[in-house]
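Heads up: the sequence shown is residues 72 to 532, going by my numbering.
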Amino acid sequence: MGTLYQPLESPIQDIKVTIHNTSLVFPSQETPKKTMFLPNIDQVLNFDVQTLHFFNANPEFPPEIVTERLRIALSRVLVHYDFLAGRLRMNQESKRLEFDCNSDAGAVFMVASSELTLNEIGDLVYPNPGFRQLIAHENIDILEKDDKPLCILQVTSFKCGGFVMGFSTNHITFDGISFKTFLQNLASQAFDDDNNNPKPLAIVPFNDRTLLAARTPPRVTFPHVELLKLDVPIGEELNAKVFETLQEELDFKIFKLNSSEINSLKEKAKDENTPNSRITSFNVVTSYVWRCKALSYDDENNSERISTVLFAVDIRPRLNPPLPQSYAGNAVLTSYASATCHELEEGPFSKIVDLVSQGGKRMNDEYARSAIDWGEINKGFPNGEFLLSSWWKLGFSQVEYPWGKPKYSCPVVCHRKEIILLFPNIDDGINNNNDGVNIFVALPPKQMKKFESYFNKFLLD
72 MGTLYQPLES
82 PIQDIKVTIH
92 NTSLVFPSQE
102 TPKKTMFLPN
112 IDQVLNFDVQ
122 TLHFFNANPE
132 FPPEIVTERL
142 RIALSRVLVH
152 YDFLAGRLRM
162 NQESKRLEFD
172 CNSDAGAVFM
182 VASSELTLNE
192 IGDLVYPNPG
202 FRQLIAHENI
212 DILEKDDKPL
222 CILQVTSFKC
232 GGFVMGFSTN
242 HITFDGISFK
252 TFLQNLASQA
262 FDDDNNNPKP
272 LAIVPFNDRT
282 LLAARTPPRV
292 TFPHVELLKL
302 DVPIGEELNA
312 KVFETLQEEL
322 DFKIFKLNSS
332 EINSLKEKAK
342 DENTPNSRIT
352 SFNVVTSYVW
362 RCKALSYDDE
372 NNSERISTVL
382 FAVDIRPRLN
392 PPLPQSYAGN
402 AVLTSYASAT
412 CHELEEGPFS
422 KIVDLVSQGG
432 KRMNDEYARS
442 AIDWGEINKG
452 FPNGEFLLSS
462 WWKLGFSQVE
472 YPWGKPKYSC
482 PVVCHRKEII
492 LLFPNIDDGI
502 NNNNDGVNIF
512 VALPPKQMKK
522 FESYFNKFLL
532 D
């Protein structure tokens, strides 16, 4: 049955990082000064996303060579992502956020080292508070107090010769799919031929975000129960958060499903009464987690309570005409599935998977356009019991650099009870460990005990 993830050893929380150099990186060629329109999807994503990409030592690429290659590669790739060297600003006329593509501002590049080896850090999958030392945060000494860069790359080398790339990017710049494209392009620019010329870009980014502008006039043709209207004063959108963090004692655990367990869930999801369900790995895992999370709710009258799971849907292929796959921005919208807790506990698993499947199918061209138009009229955020955020299939660790692929790539995790995360395993290239999924859950202790009980119980049913 599903298992709890146990770290190989207790992680070292003080990674003993020293920052050696901080500089600004600019596009390697002159880029035009301009502003960039940001659609409604972007307007509510003004917060930073931090990711770590760990690499084993490669004798042909010692850390000092890797660091210089990455600095040059970042400069080259900024020509094609000039907004990353710019800044976010509020247009006082339209009262909308926009990118000021002023390449004179620059991206931030930091060089650091740790006194430890990569192995001494411990298990990379298990979230370690010390990982925050591998990501640049506030008070970067070369910047003015109010200067907020959109992209920061910290390269930290370890005693063993391994290293980690720590990215901090404003979420407005990328969704997961477009960030992977950015990483592929960054990697391509780190390769040089015999004449020190870079390879072509892996994928030419499509930077025109007006394709996701609201219609004129906006037409909201669906009720959009997955969105909550908020009264946000004009000018405060810059500081708005999708989920507010409450101070609360939370237990944190990682639950694992291996490939055979996922396949078993797929078999349980098959039902002649729901022939149109899309029985995918994501849909069955989402359904399983939803069931456990909803039933763990601490409420005596939980049975008739309506539970709603939220999950992101890539709308690139769902629009008419489709967006370019290389669209370099946020092209995901929140979809949902709802049911009473009684239905989730007593109903067949196939019905739960069908609800999640129908939630994904709901996101067609008209529904997506209606949601975008809703954001033109209202200020608001996703509305549900919890959001399931999947990093499982993004493939960051499959990006090929001159020194090889990452040993592991992951976001820096915050413990939030209203967000459950799906992460891949470390692929050791031997045991197909990457076929399974790690489920990161943070809940109050009483709810966590119930979640764990249901997680084990339903696999045996």
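Quick reminder that beta carbons are idealized off the backbone N, C-alpha and C, glycines included. Quick caveat: nothing in here was measured; it's all calculated off a predicted structure.
Inset, instruction - Specify whether the stretch 510-527 and the stretch 324-331 touch according to this definition: at least 3 beta carbon pairs, one from each stretch, less than 8 angstroms apart. - result: yes
Inset, instruction - Confirm, please, whether the CB-CB distance from residue 474 to residue 129 is below 8 angstroms. - result: yes
Inset, instruction - Say whether the stretch 232-245 touches the stretch 400-414, bearing in mind that this needs 3 or more beta-carbon pairs closer than 8 angstroms, one atom from each stretch. - result: yes
Inset, instruction - Whole angstroms is fine: what's the gap from residue 491's alpha carbon to residue 485's? - result: 10 angstroms
Inset, instruction - Express the C-alpha separation of residue 176 and residue 215 in angstroms, rounding to a whole number. - result: If you draw a straight line from the Cα of residue 215 to the Cα of residue 176, it is about 11 angstroms long.
Legend entry - C-alpha distance - residue 312 paired with residue 266, whole-angstrom precision: Here residue 312 scores only 48 on pLDDT, less than 50, and its place in the model should not be relied on; the value that follows carries that caveat. Straight through space, the alpha carbons of residue 266 and residue 312 are spaced by roughly 48 angstroms.
Inset, instruction - Classify residue 441 as buried or exposed, calling it buried when 16 or more other Cβ atoms lie within 10 Å of its own Cβ. - result: buried
Inset, instruction - Can you check DSSP and say which residues form a bridge with residue 121? - result: 239
Inset, instruction - Output yes or no for whether 8 angstroms exceeds the beta carbon distance between residue 96 and residue 482. - result: no
Legend entry - Own chain, CB closer than 7 angstroms to residue 147, minus 5 neighbours either side, in chain order: 99, 260 and 269
Legend entry - Burial state of residue 381, where buried means 16 or more other Cβ atoms lie within 10 Å: buried
Legend entry - Minimum length 4: unbroken alpha helix (DSSP H) runs contained in the stretch 344-372: 352-366
Inset, instruction - Would you tell me roughly how many angstroms separate the C-alpha atoms of residue 345 and residue 422, rounded to the nearest one? - result: 7 angstroms
Inset, instruction - May I ask which residues mark the beginning and end of the alpha helix (DSSP H) holding residue 334? - result: 330-340
Inset, instruction - Would you please verify whether the beta carbon of residue 111 is less than 8 angstroms from any beta carbon of chain C? - result: In the structure shown, chain C cannot be found, because there is only a single protein chain.
Inset, instruction - Report the partner residues of residue 536 according to the DSSP bridge assignment. - result: Summary: the structure shown does not reach residue 536, with the chain confined to residues 72 through 532, and so no result is reported for it.
Inset, instruction - Report back the beta-carbon spacing between residue 355 and residue 377 to the nearest angstrom; my notes put them in contact at under 8 angstroms. - result: The Cβ separation is near 22 angstroms, so there is no contact.
Inset, instruction - Assign residue 502 to one of three DSSP states: helix, strand, or coil. - result: Low local confidence applies: a pLDDT of 47 at residue 502 is under 50, so the model's placement there is unreliable, with the coordinate-based value given in what follows. Correct three-state label for residue 502: coil.
Inset, instruction - To the nearest angstrom, report how far apart residue 173 and residue 158 are at their CA atoms. - result: If you take the alpha carbons of residue 173 and residue 158, they lie about 7 angstroms apart.
Legend entry - Three CB pairs or more closer than 8 angstroms across the stretch 162-172 and the stretch 103-118: yes
Inset, instruction - Within 10 angstroms of the Cβ of residue 405, are there 16 or more other Cβ atoms? Answer buried if so, exposed if not. - result: buried
Inset, instruction - Please classify residue 312: does DSSP put it in a helix, a strand, or coil? - result: Only weak support exists for where residue 312 lies, its pLDDT of 48 falling under 50; the value from the coordinates is given anyway. Residue 312 falls in the coil class under three-state DSSP.
Inset, instruction - Determine the contact status of residue 237 and residue 82, defining contact as a CB-CB distance below 8 angstroms. - result: no
Inset, instruction - Assuming residue 184 and residue 206 form a contact by the criterion Cβ under 8 angstroms, report the distance between their Cβ atoms to the nearest whole angstrom. - result: At roughly 15 angstroms, the Cβ-Cβ gap does not stay under 8 angstroms, so residue 184 and residue 206 are not in contact.
Legend entry - residue 525 burial status per 10 Å Cβ neighbour count (16 or more: buried): buried
Inset, instruction - Could you tell me how far apart the beta carbons of residue 221 and residue 241 are, in whole angstroms, since I believe they sit closer than 8 angstroms? - result: 5 angstroms
Inset, instruction - Note the first and the last residue of the continuous alpha helix (DSSP H) segment covering residue 128. - result: Segment: none, residue 128 is in no alpha helix (DSSP H) and carries neither H nor E.
Legend entry - Cβ contact (3+ pairs, closer than 8 angstroms) linking the stretch 280-288 and the stretch 429-446: yes
Inset, instruction - Indicate the three-state DSSP secondary structure (helix, strand or coil) for residue 429 in the structure shown. - result: helix
Inset, instruction - Indicate the three-state DSSP secondary structure (helix, strand or coil) for residue 158 in the structure shown. - result: Residue 158: strand per DSSP, three-state reduction.
Legend entry - Cβ pair residue 365, residue 415 closer than 8 angstroms: yes
Inset, instruction - Could you spell out where the beta strand (DSSP E) holding residue 270 opens and where it closes? - result: Taken as a continuous stretch (DSSP letters only), residue 270 belongs to no beta strand (DSSP E), as it is neither H nor E.
Inset, instruction - Rounded to whole angstroms, what's the CA-CA distance from residue 513 to residue 455? Just pull it up for me. - result: 16 angstroms
Legend entry - Residue environment, residue 122, which counts as buried when at least 16 other CB atoms sit within 10 Å: buried
Legend entry - In DSSP terms, what residue 107 is bridged to: Its beta-bridge partners are 170.
Inset, instruction - Taking residue 533 and residue 384 to be in contact with their CB atoms under 8 angstroms, please state how far apart those CB atoms are, rounded to whole angstroms. - result: As displayed, the chain neither begins before 72 nor continues past 532, which places residue 533 out of reach and without an answer.
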